[in-house]
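*Asks:*
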Amino acid sequence: MPVLTRLIPSPVVVDIRPGALDDLASVLADQRISQSGRLAVAVSGGSGARLRERLSASLPGADWFEVDGGTIDDAVRLADAVKGGRYDAIVGLGGGKVIDCAKFAAARVGLPMVAVATNLSHDGICSPVSILDNDAGRGSYGVPTPIALLVDLAVIREAPIRFVRSGIGDAVSNISAVADWELAHRVNGEKVDGLAAAMARQAGEAVLRHPGGCGDDAFLTVLAEGLVLSGIAMSIAGHTRPSSGACHEISHALDLLYPGRAASHGEQVGIGAAFATHLRGDHEGSRLMAETLRRHGLPVVAQEIGFGDDEFVRAVEFAPRTRPGRYTILEHLDLSPTRIEEAYAEYAASVGG
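For the sequence shown, position 269 matches number 269 in the UniProt record's numbering, and the numbering has no gaps at all.
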């Protein structure tokens, strides 16, 4: 009988611990990612400059490239600067914008990419997607999964706590996203990859139910692992379904309708996930999600991120237009503005908003 298997795209190295950054050069050499030490390291102008001072001596063969922002133009400029440099790999050292630019640039020039995350704000640290601003707003660009990922928990602790909170919201929203995916399967026959769904859901559940707080290494480890598993789940599925449902549609709608006013991605998808769970009739699950978000200092109602109830209702009504063809609880219920307003009032009352 033949044994059927499949290859799962994933990093060859995942190193999450205090002090991981100090071993970057040896990890790359030991794993044969860069034995020559010829690296193109992308950093931001802020915290990246300080980390460059710390790492320069251990990476004598590296060239350093400053990334100004998180636009498609920034990523193309990085690719053009790196092209022809005969590097072994591109290292993205920083937050989400730097890592997304480095992933895109690496894909463009055909080099492996190493992600060294300095915060845990979202699941892009290990995903096969680069989220980059463009002339039309913001786009998602398919890229290879990073070949290696390092997360130094000591560095994570130095970042503002709002980044950890954002990552919590993004991880927890997986639970809602997978529920939407399964709804699409039941109603429309959309194929669900069971392994991808399991990984994404369990990543969210682990963060949701962990008793620790943002200052605990044990909790930060679970959060980092959850964000990694979310990225791998998307690679397995070949799309963002395991981590993106009505929760992300609502967040995208807030971004588009109210530019310049949006809260962090994780805060918005966290509220979106709790409200979408309420819409599914899982009021106990919605309250548990809201309680966990609030315990970690995240908002659970629109007013806590600077939006009026009417503005949030408008965003929920607009949300399905942000992902045409994606079927979630919002498309399933197809609620009128009045019914959305009523449902949001019920949700806010149930979570103490």
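Ideal Cβ placement from N, Cα and C applies to all residues, glycine included.
Kindly provide the ranges of any alpha helix (DSSP H) runs that are 4 or more residues long and lie completely inside the segment 94-161, ordered along the chain.
*Replies:* Fully enclosed alpha helix (DSSP H) runs of 4 or longer: 96-109 and 153-158.
*Asks:* Report yes if the C-beta distance between L21 and V129 is below 9 Å; otherwise report no.
*Replies:* No, these two residues do not count as a Cβ contact at 9 Å.
*Asks:* Which partner residues does D15 have in the DSSP bridge list?
*Replies:* Paired residue(s): L150.
*Asks:* Do three or more CB pairs link the segment 164-179 to the segment 261-274 at distances below 8 Å?
*Replies:* The answer is yes - the segment 261-274 touches the segment 164-179, with three or more Cβ pairs under 8 Å.
*Asks:* With a cut-off of 8 Å on the beta carbons, I'd call M234 and S127 a contact; round off their distance for me.
*Replies:* Correct: roughly 5 Å between the Cβ atoms.
*Asks:* Compare the C-alpha of A40 against each of V109, S10 and S26 and name the closest.
*Replies:* Checking every option, the nearest Cα to that of A40 belongs to V109.
*Asks:* How about L149 and I175: do their beta carbons lie closer than 9 Å?
*Replies:* Cβ distance not < 9 Å, so L149 and I175 don't count as in contact.
*Asks:* Quick check on the DSSP output: the alpha helix (DSSP H) that includes A206 runs from which residue to which?
*Replies:* Element bounds for A206: G194 to R209.
*Asks:* Could you tell me which residues DSSP puts in a beta bridge with L66?
*Replies:* The question names Leu, but residue 66 in the sequence shown is Glu. Bridge partners of E66: V43.
*Asks:* Put T322 into one of helix, strand or coil per three-state DSSP.
*Replies:* DSSP places T322 in helix when its eight states are reduced to three.
*Asks:* In angstroms, rounded to a whole number, what distance separates the CA positions of P242 and Q35?
*Replies:* The alpha-carbon atoms of P242 and Q35 are separated by roughly 35 Å.
*Asks:* Specify the secondary structure class of G189 as computed by DSSP and reduced to three states.
*Replies:* Looking at G189 - three-state DSSP - the assignment turns out to be coil, as it is neither helix nor strand.
*Asks:* Can you tell me whether E346 is buried or exposed, with buried defined as 16 or more other CB within 10 angstroms of its CB?
*Replies:* Its Cβ having fewer than 16 others within 10 Å, E346 is exposed.
*Asks:* Taking buried to mean at least 16 other C-beta atoms within 10 Å of its own C-beta, is P11 buried or exposed?
*Replies:* It is buried - the Cβ of P11 has at least 16 other Cβ atoms within 10 Å.
*Asks:* Which residue marks the beginning of the alpha helix (DSSP H) containing P337, and which one marks its end?
*Replies:* Looking at the DSSP string, the run of the alpha helix (DSSP H) that includes P337 is P337 to S350.
*Asks:* Going by DSSP, what residue range makes up the alpha helix (DSSP H) through S235?
*Replies:* Looking at the DSSP string, the run of the alpha helix (DSSP H) that includes S235 is D217 to A237.
*Asks:* Please look up how many angstroms separate the CB atoms of residue 402 and A42, rounded, as I've assumed it's under 8 Å.
*Replies:* In the structure displayed, the chain extends from 1 to 353; residue 402 sits before or after that span and is not available.
*Asks:* Whole angstroms is fine: what's the gap from A105's alpha carbon to L293's?
*Replies:* About 35 Å.
*Asks:* What does the alpha-carbon distance come out to for the pair I16 and R50?
*Replies:* Straight-line Cα distance between these residues: approximately 21 Å.
*Asks:* What did DSSP end up calling V301 once you bin it into helix, strand or coil?
*Replies:* Reduced to three states, the DSSP call for V301 is coil.
*Asks:* Assign L7 to one of two classes, buried (16 or more other C-beta atoms within 10 Å of its C-beta) or exposed (fewer than that).
*Replies:* It counts as exposed.
*Asks:* Considering only residues of the same chain and omitting the five flanking positions on each side of G142, which have a CB-CB separation below 7 Å?
*Replies:* Contacts found: P128 and V129.
*Asks:* Given that a residue counts as buried once 16 or more other Cβ atoms are within 10 Å of its Cβ, and exposed if not, what is residue 442?
*Replies:* Since the first residue of the chain shown is 1 and the last is 353, residue 442 is not available in this structure.
*Asks:* Strictly by DSSP, which residues pair up with T277?
*Replies:* In the DSSP output, where bridge partners are listed per residue, T277 has none listed.
*Asks:* Relative to the C-alpha of P324, which candidate in A274, A246, Y258 and G260 has its C-alpha closest?
*Replies:* Cα-wise, what sits closest to P324 is A246.
*Asks:* By how many angstroms is the C-alpha of D135 removed from the C-alpha of F318?
*Replies:* Looking at the two C-alpha atoms, the distance is approximately 21 Å.
*Asks:* Give me the residue from A75, L111, D74 and I329 with the minimum Cα distance to D88.
*Replies:* Closest by alpha carbon: L111.
*Asks:* In the DSSP output, which residue or residues are listed as bridge partners for A89?
*Replies:* In the DSSP output, where bridge partners are listed per residue, A89 has L39.
*Asks:* Candidates G94, G215, F219 and S244: which alpha carbon is nearest G46's?
*Replies:* Answer by Cα proximity: G94.
*Asks:* Considering only residues of the same chain and omitting the five flanking positions on each side of P320, which have a CB-CB separation below 7 Å?
*Replies:* Excluding sequence neighbours, P320 sits near E249, L330 and E331.
*Asks:* Report the residue from R77, G85, V116 and A203 whose alpha carbon sits nearest the alpha carbon of D23.
*Replies:* Cα-wise, what sits closest to D23 is V116.
*Asks:* Given that a residue counts as buried once 16 or more other Cβ atoms are within 10 Å of its Cβ, and exposed if not, what is G204?
*Replies:* By the 10 Å Cβ count, G204 comes out buried.
*Asks:* Is T71 helix, strand or coil by DSSP?
*Replies:* Strand, per DSSP.
*Asks:* Do E190 and Y327 have their C-beta atoms within less than 9 Å of each other?
*Replies:* Yes, these two residues count as a Cβ contact at 9 Å.
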